[in-house]
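Asker: Have a look at this one.
Residue numbers (the numbering used here), protein chains in the order written: chain A, 1 to 276; chain B, 1001 to 1276.
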């Protein structure tokens, strides 16, 4: 893949400072960066926006809003306020979207969690529209159902987004979370232009935990070229973000990780455009 | 739950010998045992059948057949032969079903794996019918898609079983694998009488691997009473098997684990039958 159409997510090089992240993305020819909120907490969102713009890097995503299911009304209101701040930050960064990690059930009640997620997103739409920031629901791998998100499949996420029925609510699709799904092709087709973010990470064995067992694209069991092709055929026109949460990669210097990430993406062959 | 309607799976007390497993199941009042094939490898299947019958224990499942996707025709033929032997063993044990762990993709090709799984099961139906042993497709958690099974959701498994359309092909449903599914209720309704085995294990955090991170029913994030109620409402008339693959429990004496399992099942309250 052409790296100018790819983005380096901050968590891939988690120990890098914001200036170092920007430098690494630029040096390797990435077209953008994805920013976890902690990546710019020290420097501030305005400084981050200036640095990205000065380097010619697009901010392809901000991570994260969400965490809608909360045990009390007070805590849900607090989550709502934090989500509004996340939208404001994404606005300041001219980001392509705000990724929503929707949150897990409390008290073993998945149905209740899902209702809180629907209501929580609905309550954010007006603010997202005013800020011109699409909200991108990220279906998470089912192994994160107990601690990250009750939205556990692409099908469920597409259903949710269709029910919310707003131009400001779409999807973030990460290979790591959805690759196993027998209906992946048809669901990506249904998702179509509602996909605001595509992230790449590979499934490597053995896993050692639900969060940070991921591999560089190409190192694992996911057919990455097929997925990239699928996303393009379904109308995704944005950048491909490399987001590898990996204890193994995190133990190495950020410069090494950025180099490995750039090589991994460059090695993915995109199919030639169909003949006219 | 009434333990006479519950079954103790051999892998829950993995280090127990076959006689010890039978003794533990009897002592705690279980109505049955589920047998992994390694549990009777030393004593032989006929001895296992005699011991279970003598103790008044039903064999609720034999685990496992499956592993259909193989890189070569020769290896697929070998898997087929092994699956025929597994059916013969289940017959000798008068087991309720043979559980199929269908196998993972080779060479990153999930579609090919699924085709091999369909063909592999279809090729076993005649032998299963002759032996009067239902084959029970077990959908596995998506985190096992790369090493255990390309059948990653209950919906996919129900579709597969419906397409195979034989009275000798049904389902094994384990809470641990399917609890996260937004469509769980409707899928269990569709599965209905095709469910030949229901297994219980809980989701406990953090996981430390894809295979043996499970918890005793009641110790984790799954609403067990709701699931047991759902299975009964959908027409499941068989026993509930406790199958806990857990490095933590495996480090303890089998007698302690069997006691904990019996208490865990006894603590699950079944709803009163609806008034007539």
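No residue lacks a Cβ here, since even glycine has one placed at the ideal position from N, Cα and C.
1. Can you tell me the Cβ-Cβ gap for residue 195 of chain A and residue 169 of chain A, rounded? I've got them flagged as a contact below 8 Å.
2. Just to make sure I have the definition right: I need the residues of chain A whose C-beta is within less than 7 Å of the C-beta of residue 1210 of chain B. Which are they?
3. Take the Cβ of residue 1217 of chain B as the centre, count every other Cβ of all protein chains shown within 10 Å, and call the residue buried at 16 or more, exposed below.
4. Going by DSSP, what residues sit across from residue 1156 of chain B in a beta bridge?
5. Using 7 Å as the threshold, is the C-beta distance between residue 1250 of chain B and residue 145 of chain A below it?
6. For residue 277 of chain A, report the span of its alpha helix (DSSP H) as first-last.
7. Can you give me the Cβ contacts of residue 1063 of chain B inside the same chain, cut-off strictly under 6 Å, excluding the 5 residues immediately before and after it?
8. From this set, B/1072, B/1184, B/1019, which residue's C-alpha is nearest residue 1229 of chain B's C-alpha?
9. List the endpoints of the continuous beta strand (DSSP E) containing residue 1146 of chain B.
10. Can you tell which of A/19, A/219, A/88 has its C-alpha closest to the C-alpha of residue 132 of chain A?
11. Taking the alpha-carbon of residue 149 of chain A as reference, which of A/223, A/68, A/48, A/56 has the nearest alpha-carbon?
12. Assuming residue 262 of chain A and residue 60 of chain A make a contact with CB atoms under 8 Å, what is their CB distance in whole Å?
13. Strictly under 7 Å for the Cβ-Cβ distance: is residue 1142 of chain B near chain A by that measure?
14. Anything in the region 235-263 of chain A with a Cβ closer than 9 Å to a Cβ of chain B? List those residues in chain order, please.
15. DSSP three-state label for residue 1168 of chain B, please.
16. Rounded to whole angstroms, what is the Cα-Cα separation between residue 16 of chain A and residue 25 of chain A?
17. Kindly provide the ranges of any beta strand (DSSP E) runs that are 3 or more residues long and lie completely inside the region 1186-1270 of chain B, ordered along the chain.
18. Take the Cβ of residue 1253 of chain B as the centre, count every other Cβ of all protein chains shown within 10 Å, and call the residue buried at 16 or more, exposed below.
19. Which residues in chain A have a C-beta closer than 9 Å to the C-beta of residue 1203 of chain B? List them in chain order.
20. Within 10 angstroms of the Cβ of residue 1192 of chain B, are there 16 or more other Cβ atoms? Answer buried if so, exposed if not.
21. For residue 1057 of chain B, does the three-state DSSP call read helix, strand or coil?
22. Which residues in chain A sit within 7 Å of residue 1180 of chain B, going by Cβ to Cβ distance?
23. Please list the partners that residue 114 of chain A has in chain B, where partner means a Cβ-to-Cβ separation under 9 Å.
24. When you compare only the Cα positions, how much space is there between residue 219 of chain A and residue 213 of chain A?
25. State buried or exposed for residue 1094 of chain B, treating a residue as buried only when at least 16 other CB atoms are found within 10 Å of its CB.
26. Look at the Cβ atom of residue 1009 of chain B, then the Cβ atom of residue 1243 of chain B, and state whether they are nearer than 7 Å.
27. Residue 222 of chain A versus chain B: which residues are under 8 Å apart at the beta carbon?
28. Could you pull the start and end residues of the beta strand (DSSP E) that residue 1136 of chain B belongs to?
29. On a Cα-Cα basis, can you pick out the residue from B/1162, B/1013, B/1190, B/1154 that is closest to residue 1175 of chain B?
30. If the criterion is Cβ atoms closer than 7 Å, does the pair residue 1033 of chain B and residue 1245 of chain B meet it?
31. Of all Cβ atoms in chain A, is any one closer than 7 Å to the Cβ of residue 1156 of chain B?
32. Quick check on the burial criterion: 16 or more other C-beta atoms within 10 angstroms. Buried or exposed for residue 1072 of chain B?
33. If you count every other CB in all the chains shown that lies within 10 Å of the CB of residue 139 of chain A, and 16 or more means buried, which is it?
Answerer: With the given structure in hand:
1. The residue given as residue 195 of chain A occupies position 195 in the first chain. The residue given as residue 169 of chain A occupies position 169 in the first chain. Residue 195 of chain A to residue 169 of chain A, Cβ: 12 Å. No contact.
2. The residue you call residue 1210 of chain B lines up with position 210 of the second chain. Simply 206, 207.
3. What you label residue 1217 of chain B is simply residue 217 of the second chain in a count that begins at 1. By the neighbour-count rule (16 or more Cβ atoms within 10 Å), residue 1217 of chain B is buried.
4. The sequence position of residue 1156 of chain B within the second chain is 156, counting from 1. The partner list for residue 1156 of chain B (beta bridge, DSSP) is empty, contrary to what the question assumes.
5. Taking the second chain and counting its residues from 1, the one referred to as residue 1250 of chain B is at position 250. Taking the first chain and counting its residues from 1, the one referred to as residue 145 of chain A is at position 145. The answer is no: Cβ separation not under 7 Å.
6. Beyond the ends of chain A as shown, which are 1 and 276, falls residue 277 of chain A; an answer cannot be given.
7. Numbered from 1 along the second chain, position 63 holds the residue referred to as residue 1063 of chain B. For residue 1063 of chain B, where only same-chain residues beyond five positions count, the Cβ hits under 6 Å are 1036, 1099.
8. Here residue 1229 of chain B is taken as the residue at index 229 of the second chain, counted from 1. The shortest C-alpha separation from residue 1229 of chain B is found at B/1184.
9. For the purposes of this step, residue 1146 of chain B is taken as residue 146 along the second chain, with counting starting at 1. No beta strand (DSSP E) contains residue 1146 of chain B, which DSSP labels as neither H nor E.
10. What you label residue 132 of chain A is simply residue 132 of the first chain in a count that begins at 1. Among A/19, A/219, A/88, the Cα nearest to that of residue 132 of chain A is on A/88.
11. On the first chain, position 149 is the one that residue 149 of chain A refers to. Nearest C-alpha to residue 149 of chain A: A/68.
12. The sequence position of residue 262 of chain A within the first chain is 262, counting from 1. The sequence position of residue 60 of chain A within the first chain is 60, counting from 1. Contact flag wrong, Cβ pair sits at about 15 Å.
13. The residue labelled residue 1142 of chain B in the question sits at position 142 within the second chain. Closer than 7 Å to some Cβ of chain A, the Cβ of residue 1142 of chain B qualifies, so yes.
14. Near chain B, meaning a CB-to-CB distance below 9 Å, no residue of the region 235-263 of chain A qualifies.
15. Counting from 1 along the second chain, the entry for residue 1168 of chain B is found at position 168. Residue 1168 of chain B: coil per DSSP, three-state reduction.
16. The residue given as residue 16 of chain A occupies position 16 in the first chain. The residue given as residue 25 of chain A occupies position 25 in the first chain. In a straight line, the C-alpha of residue 16 of chain A is about 11 Å away from that of residue 25 of chain A.
17. Assignment of beta strand (DSSP E) within the region 1186-1270 of chain B, counting only whole runs of 3 or more residues, yields 1195-1200, 1240-1242 in chain order.
18. Your numbering for residue 1253 of chain B matches position 253 in the second chain. Residue 1253 of chain B should be labelled exposed.
19. Taking the second chain and counting its residues from 1, the one referred to as residue 1203 of chain B is at position 203. Near residue 1203 of chain B (Cβ distances below 9 Å), the residues of chain A are 143, 145, 146.
20. For the purposes of this step, residue 1192 of chain B is taken as residue 192 along the second chain, with counting starting at 1. It is exposed - the Cβ of residue 1192 of chain B has fewer than 16 other Cβ atoms within 10 Å.
21. Taking the second chain and counting its residues from 1, one reaches residue 1057 of chain B at position 57. Residue 1057 of chain B: coil per DSSP, three-state reduction.
22. The residue given as residue 1180 of chain B occupies position 180 in the second chain. Going along chain A in sequence order, the residues near residue 1180 of chain B (Cβ under 7 Å) are 142, 145, 152.
23. If you number the first chain from 1, residue 114 of chain A lands on position 114. The answer, in chain order, is 1182.
24. Here the question's residue 219 of chain A lines up with position 219 in the first chain. Here the question's residue 213 of chain A lines up with position 213 in the first chain. Rounded to whole angstroms, residue 219 of chain A to residue 213 of chain A spans 12 Å at the Cα level.
25. Within the second chain, residue 1094 of chain B is the residue found at index 94, counting from 1. With fewer than 16 other Cβ atoms within 10 Å, it is exposed.
26. By 1-based counting over the second chain, the position of residue 1009 of chain B is 9. By 1-based counting over the second chain, the position of residue 1243 of chain B is 243. Cβ distance < 7 Å, so residue 1009 of chain B and residue 1243 of chain B count as in contact.
27. Here residue 222 of chain A corresponds to residue number 222 of the first chain, with the count starting at 1. Within 8 Å Cβ-Cβ: 1108.
28. Numbered from its first residue, the second chain carries residue 1136 of chain B at position 136. Residues 1135-1137.
29. As a position in the second chain, residue 1175 of chain B is number 175, starting the count at 1. If we check each option's Cα against that of residue 1175 of chain B, B/1154 comes out closest.
30. Residue mapping note: residue 1033 of chain B aligns to position 33 of the second chain, counting from 1. Residue mapping note: residue 1245 of chain B aligns to position 245 of the second chain, counting from 1. No, Cβ-Cβ distance for residue 1033 of chain B and residue 1245 of chain B is not below 7 Å.
31. What you label residue 1156 of chain B is simply residue 156 of the second chain in a count that begins at 1. Yes, residue 1156 of chain B lies at the interface with chain A (some Cβ there is under 7 Å from its Cβ).
32. One-based indexing of the second chain puts residue 1072 of chain B at position 72. Classification of residue 1072 of chain B: exposed, given that the 10 Å Cβ count is below 16.
33. Position 139 of the first chain, counted from the start, is the residue given in the question as residue 139 of chain A. Residue 139 of chain A comes out buried.
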